[in-house]
Amino acid sequence: MLVNTKNMLLDAKQNHYAIPHFNINNLEWTKYILEECEVLKIPLILGVSEGAIKYMGGYHVVVSIVKGLMEDLNITIPVAIHLDHGSSIASCLQAIDAGFTSVMIDASKYPLDENINMTKKVVEYARDRDVTVEAEVGHIGGSEDNISNTSLNATLEDCITLYNSTEIDSIAPALGSVHGFYHGEPNLDFETMKKINETLPIPLVLHGGTGIPITDINKAINCGISKININTDLQVVWSLALRKFIDENEDVYDPRKIIGSGEIAMKKRIQEIVTLFQTKRG
Ligand code: 13P
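Numbering (the numbering used here), first residue to last: 45 to 326.
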């Protein structure tokens with residue numbers, strides 16, 4: 045069932061577990077993630093970056109792939125198609141028009157006023173179309189910033205201001221996590237996380253889920269994180285398996301066998317991640 049993220053994230057917030065947001069990059073990834081989460085019977089968010097959308101052919105292609113797979117594979121779990129880090133109002137509107145059920149407007153590189161203005165416009169458009177909206181406060185750093193680990197942490201006050209002015213459905217406060225690999229141990233601001241969660245009625249999102257130790261993931265969920273974004277982790281797992289397969293099977297040229305050689309490793313990792321995120325789910 046294709047849904048927006050509202051009910052799944054509110055349930056996760058109330059019951060102290062986290063919904064996995066797995067980024068998809070192609071047909072095969074989408075298929076493996078859907079299949080494994082269907083086996084595990086958990087609600088799922090398929091995150092798609094603008095880069096992945098371009099790579100896959102466009103917004104409509106992404107929606108068609110997800111819808112087609114859900115129908116042909118008899119997927120019954122709630123699934124949201126979510127624009128990850130929408131960089132402009134136009135991109136969010138395009139995603140909504142194509143059938144995405146959720147969008148993130150990432151105006152975090154602009155001053156708060158501008159972030160609010162852009163987010164408000166996306167929320168206005170999304171509301172009438174039953175699409176949920178996530179916004180970012182502070183700035184989550186990572187490989188896209190060229191200098192890894194550059195984050196600008198969110199403040200409780202800015203989160204309150206953004207929420208009150210926009211009525212977004214979920215919020216991603218930058219609190220020390222980064223996209224991709226960490227240099228050293230991640231240093232998450234759990235105190236502010238907890239305060240934001242206690243103050244705002246909406247679910248909190250943790251970006252940069254790769255490389256965060258299990259104890260910190262558990263702490264973050266206890267502090268109110270209801271959605272955790274994972275991308276690099278699965279990329280590494282999939283590419284390691286694929287490299288091994290190619291090294292051991294020099295004579296294989298069938299793309300289905302080459303690309304598909306990452307399936308088992310990826311599904312195993314998905315299961316581990318989901319189990320970690322959902323330990324407290326009733
Ligand atoms: P990682 O690549 O660090 O898992 O982060 C993914 C992410 O936050 C996508 O929005």
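Here a beta-carbon is modelled for each residue, glycine too, at the ideal position from N, C-alpha and C.
For residue i, which residues in the same chain have their Cβ closer than 7 Å to its Cβ, ignoring the five residues on either side in sequence?
i	result
residue 85	121
residue 74	68, 90, 109, 110 and 113
residue 251	184, 216, 221, 223 and 273
residue 150	129, 130, 131 and 180
residue 50	176 and 213
residue 196	182, 183 and 218
residue 104	142
residue 256	221 and 230
For residue i versus residue j, is the C-beta spacing smaller than 8 Å?
i	j	result
residue 167	residue 143	no
residue 183	residue 148	no
residue 241	residue 124	no
residue 53	residue 270	yes
residue 46	residue 78	no
residue 169	residue 137	yes
residue 321	residue 61	yes
residue 162	residue 140	no
residue 82	residue 314	no
Among residues of its own chain, excluding the 5 on either side of residue i, which ones have a beta-carbon nearer than 6 Å to its beta-carbon?
i	result
residue 202	156 and 181
residue 237	219 and 267
residue 239	200
residue 190	Reliability fails at residue 190, whose pLDDT of 46 lies under 50, so the model's placement of it is uncertain and the value that follows must be treated cautiously. Same-chain partners within the cutoff: there are none.
residue 152	180 and 183
Which residue from the options puts its Cα closest to that of residue i?
i	options	result
residue 217	309, 268 and 306	268
residue 299	61, 53, 71 and 241	71
residue 287	276, 275, 303 and 277	303
residue 308	293, 283, 227 and 172	283
residue 158	297, 131, 50 and 172	131
residue 59	312, 294, 266 and 97	266
residue 370	100, 145 and 198	The structure shown does not extend to residue 370, since the chain is modelled only from 45 through 326, so no value can be given for it.
residue 243	207, 66 and 99	207
residue 319	258, 99, 102 and 306	258
residue 95	275, 115 and 236	275
Residue i and residue j look like a contact to me (Cβ under 8 Å); what is the Cβ gap, rounded to whole Å?
i	j	result
residue 219	residue 232	6 Å
residue 213	residue 254	Residue 213 to residue 254, Cβ: 24 Å. No contact.
residue 164	residue 210	5 Å
residue 128	residue 93	5 Å
residue 246	residue 64	With a Cβ gap of about 19 Å, residue 246 and residue 64 do not count as contacting.
residue 260	residue 230	6 Å
residue 310	residue 281	6 Å
Note down, in chain order, each residue of its chain lying with its Cβ closer than 8 Å to the Cβ of residue i, except the 5 sequence neighbours on either side.
i	result
residue 205	156 and 160
residue 295	none
residue 99	69 and 70
State yes or no: is the C-beta of residue i nearer than 7 Å to some heavy atom of the ligand FMN?
i	result
residue 74	You won't find the ligand FMN in this model; what it holds is the ligand 13P.
**Study point:** Every unbroken beta strand (DSSP E) inside the segment 56–144 [3 residues or more]
**Key:** 63–67, 88–93 and 123–130
Point to revise | Segments assigned alpha helix (DSSP H), at least 4 residues, entirely inside the segment 253–306 | key: Those alpha helix (DSSP H) runs which fall completely within the segment 253–306 and span 4+ residues are 258–266, 276–292 and 299–304.
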